[in-house]
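Asks: Right, I'll just put the structure down here and ask away after.
Numbering (the working numbering), first residue to last: 58 to 862.
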């Protein structure tokens, strides 16, 4: 939490400051002890309380220990001893003492103290549960609402925080921390006029306190800086420094003021609060999307069965709404789609979160055991086409423009047969313009050599204990690159381009110009093999530079079970960074781009430990709360459906979201998102704005299950979406880089790509969260080929179509 009284500071006001004076202590005791917990004649406990009042905690502890030795369940003694443990930063001991069975353990004030202990020990989920019980049992107690609001605010759940703090202020209009936090929350939600009224009220009530707090002045100072009222801000920051020069928020406010006076720009992390935790509502079950990912698992544990499937975002009918295409399996090992249950499915977006299955009329049910899909306008006719990859076959569907597609795979030369390996097992496909000639080329990610007749045996011979084999049991394959001949056909240039000579076990691919030379480069996530980074050197020549650039292995020099990948700027420095998922016990990879080298920063970013229990399949770097800082998403599951027989691991897992903290670190906020805890065997995923409200939604597939569709309802921020229309460049503008400058001096970067995650493709439009910025000073586009275009004073909160000049 930034620029407000923190949860810990608030607890300091209510608890730790008790020893300052006897008068202060007795006042606070009256706040935290209900009548039923007041000393009731036990002279030992009364004496202990008097010792606490005088600051003699040692003697108080001795007396309370004496009572507890004889009466371990004495509620008063447990309360006061828990209080002393909390005061002494012994949070777990306090929690043990404050938890009592029955009604004795549900007294609101005991619960309040327990909630404080939970928060200070980092157990915020349990703290929320307890505080919600407090507000239900004692709804007229302002303190419970204040603490609940502070907890929500600390977890960036600003909408919930506002509701709780409004109640607290209504019950106690003079509560300075509650007023200050309500102001900060409304600041975070973009309610500037209401925020200022609350700040002024907090400042006014603060003057009445015997010992005024510094935090309201520091918070108001940063707010005024954000509103370009520098002189007023200077006065508030000076007052805050007089009250508490070492206060963390005072120091931050002072730094913000100095930066503004020196350079005219606020530091990025002081422009306002890091945005709220995304509010996501899972609407898949009511959307009309009835697709089920059928992988046809068999006792033979054929490797293909654990690998599908992806989802492609495509506006196939050009109505401005993104539609969804899901790939599906078939019978194993015959690879035959024996019935409609195995069809790939196309769903037309009808608006208002309703979808209609148009698979049959569109002619895209497919054949074979399919893995991934990618959408792109390969013939520049303004109609988005589909490429589908799978086991032993690929399909190119050309969009006819009348709601139907034609299978043109053979005529296009995209059957994918390899001169040495024959039919390939493809998983992921990427559309990109390799040579900037204005026509999309195609990169295919292939996995491994698979033959059902020679399937190795792995696991245990006991019934039900056979498992899918480790990738090391299978041979590696090369990836493939196909050049667009501009006449509806493609030529395999893998050998000449330097792609074919590198064998791996590819799972996902991400495309970006990582070195800034104007040419699209390709990263391939390899499963248990070193990753590939194919640097585009021009003239259809690539050099594989993963080792030289630092992305082949993890920081310990070990090849990972790399799965999904996204190549996008999460640090707002204009350089595409790299996020790669992996299996359990490995931790996900996060590389920051320095221009020539990509450094593994996952430890410093706080990503390693939270991801160790999870197997990440698909993923994305996307601004899910529109604060201007791109966050991380991972679709999770273990690879083995019977892993629970062998290890203390879970097969079906929840997904994860890591919120960008604007300082190089990320925070796992997954547990703070109601409805985001659905466990499934997640596989592919895509990011798209499905309702054109500027908030990025998520689509996630799962084996043997329906897809999850998460509607993003996060409030309080502005946004801008750029839809590119190339003329000399490819029609969708894939490969273009876009820079946005906001009214507060920030510069944000993104680029156009659909190749995101595992076996999937995402929204081709370029999205920007703007936080509190209500004006975009400029949008600068560098089109593939180098042409620059600049737009001035672009209106926000809309989708803007930009045609290449």
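For glycine and all other residues, C-beta sits at the position ideal for the given N, C-alpha and C.
Per DSSP, what kind of secondary structure is residue 540 in: helix, strand or coil?
Replies: The answer is strand: DSSP assigns residue 540 an E or B state.
Asks: To the nearest angstrom, how far is the alpha carbon of residue 150 from that of residue 508?
Replies: Approximately 59 angstroms between the Cα atoms of the pair.
Asks: Excluding the 5 residues preceding and the 5 following residue 165 in the sequence, name in chain order all residues of the same chain whose CB lies nearer than 8 angstroms to its CB.
Replies: Hits under 8 angstroms: 91, 191, 194, 195, 198, 201.
Asks: To the nearest angstrom, how far is the alpha carbon of residue 117 from that of residue 110?
Replies: Those two C-alpha atoms are separated by around 10 angstroms.
Asks: Give the DSSP-derived three-state secondary structure of residue 410 in the structure shown.
Replies: Three-state result, residue 410: coil.
Asks: Please go through the same chain and pick out, in chain order, the residues whose beta-carbon is closer than 8 angstroms to the beta-carbon of residue 463, but skip the five residues on each side of it.
Replies: Cβ within range, chain order: 420, 454, 455, 457.
Asks: Please report the straight-line C-alpha distance between residue 846 and residue 774, rounded to a whole angstrom.
Replies: C-alpha separation (whole angstroms): 26 angstroms.
Asks: What is the rounded straight-line gap between the Cα of residue 487 and the Cα of residue 432?
Replies: Rounded to whole angstroms, residue 487 to residue 432 spans 9 angstroms at the Cα level.
Asks: For residue 696, which residues in the same chain have their Cβ closer than 7 angstroms to its Cβ, ignoring the five residues on either side in sequence?
Replies: Cβ within range, chain order: 363, 525, 640, 672.
Asks: At what residues does the alpha helix (DSSP H) containing residue 837 begin and finish?
Replies: Per DSSP, residue 837 belongs to no alpha helix (DSSP H); it is in the beta strand (DSSP E), 833-839.
Asks: Are three or more beta carbon pairs between the stretch 438-455 and the stretch 407-423 nearer than 8 angstroms?
Replies: The stretch 438-455 vs the stretch 407-423: in contact.
Asks: How far does the beta strand (DSSP E) with residue 649 in it reach, from first residue to last?
Replies: First-last of the beta strand (DSSP E) with residue 649: 646-650.
Asks: In whole angstroms, give me the CA-to-CA distance for residue 698 and residue 506.
Replies: One C-alpha to the other measures close to 22 angstroms.
Asks: Check each candidate in 352, 409, 379, 359 and name the one with the smallest Cα separation from residue 400.
Replies: Of 352, 409, 379, 359, the residue nearest in Cα terms is 352.
Asks: Could you give the uninterrupted runs of the beta strand (DSSP E) lying entirely in the stretch 641-726, keeping only those of 3 residues or more?
Replies: Segments of the beta strand (DSSP E) lying fully in the stretch 641-726: 646-650, 655-657, 673-679, 688-693, 713-717, 723-725.
Asks: For residue 182, count the other beta carbons within 10 Å of its own beta carbon; 16 or more makes it buried, fewer makes it exposed. Which is it?
Replies: Burial call: exposed.
Asks: Based on DSSP bridge pairs, tell me the residues matched to residue 829.
Replies: Answer by DSSP bridge pairing: none, since residue 829 is not bridged.
Asks: Could you tell me which uninterrupted alpha helix (DSSP H) segments, each at least 4 residues in length, are contained entirely in the stretch 283-371, listed from first to last along the chain?
Replies: Segments of the alpha helix (DSSP H) lying fully in the stretch 283-371: 287-300, 305-320.
Asks: For residue 379, does the three-state DSSP call read helix, strand or coil?
Replies: DSSP places residue 379 in coil when its eight states are reduced to three.
Asks: Does any CB atom of chain C fall closer than 9 angstroms to the CB of residue 435?
Replies: As a matter of chain content, chain C is missing from the structure shown, which is built from one protein chain.
Asks: Spatial neighbours of residue 587 within its chain, please: C-beta separation below 8 angstroms, excluding the five flanking residues on both sides.
Replies: If we look at residue 587 and ignore the five residues flanking it on each side, its Cβ neighbours are 561, 603, 604, 609, 610, 616.
Asks: From the DSSP secondary-structure annotation, give me the bridge partner or partners of residue 528.
Replies: Bridge partners of residue 528: none, in fact.
Asks: Could you give the residue range of the beta strand (DSSP E) that holds residue 11?
Replies: As displayed, the chain neither begins before 58 nor continues past 862, which places residue 11 out of reach and without an answer.
Asks: Which residues does DSSP pair with residue 858 in a beta bridge?
Replies: Bridge partners of residue 858: 780.
Asks: Run through DSSP, which three-state label would residue 505 get?
Replies: Strand.
Asks: Run through DSSP, which three-state label would residue 579 get?
Replies: The answer is strand: DSSP assigns residue 579 an E or B state.
Asks: Could you tell me whether the stretch 786-802 touches the stretch 650-662, where touching means 3 or more Cβ pairs closer than 8 angstroms?
Replies: Result no; under three Cβ-Cβ pairs closer than 8 angstroms.
Asks: At the level of alpha carbons, what is the spacing between residue 684 and residue 741?
Replies: C-alpha separation (whole angstroms): 26 angstroms.
Asks: Which stretch, first to last residue, makes up the beta strand (DSSP E) that contains residue 846?
Replies: Counting along the chain, the beta strand (DSSP E) containing residue 846 begins and ends at 845-851.
Asks: Can you find the residues in the same chain that come closer than 8 angstroms, C-beta to C-beta, to residue 865, ignoring five residues on each side of it along the sequence?
Replies: Outside the shown range of the chain, which is 58 to 862, sits residue 865, and nothing can be said about it.
Asks: Please confirm if the stretch 713-720 is in contact with the stretch 684-693, defined as three or more CB-CB distances below 8 angstroms between the two stretches.
Replies: As far as the Cβ criterion goes, the stretch 713-720 touches the stretch 684-693, which means the pair count is three or higher.
Asks: From the DSSP secondary-structure annotation, give me the bridge partner or partners of residue 807.
Replies: The partner list for residue 807 (beta bridge, DSSP) reads 795.
Asks: Using a 10 Å radius around the Cβ and a threshold of 16 neighbouring Cβ atoms, would you call residue 530 buried or exposed?
Replies: Classification for residue 530: exposed.
Asks: For the beta strand (DSSP E) that residue 870 lies in, which residues bound it at each end?
Replies: As displayed, the chain neither begins before 58 nor continues past 862, which places residue 870 out of reach and without an answer.
Asks: Over the uninterrupted beta strand (DSSP E) stretch that includes residue 739, give me the two end residues.
Replies: Residue 739 -> beta strand (DSSP E) spans 739-745.
Asks: Leaving out five residues on either side along the sequence, give the residues of the same chain with a beta carbon under 8 angstroms from the beta carbon of residue 76.
Replies: Confidence at residue 76 is low in this model, with a pLDDT of 26, below 50, so its placement is unreliable and the value that follows should be read with caution. Cβ within range, chain order: 82, 109, 112, 114, 144.
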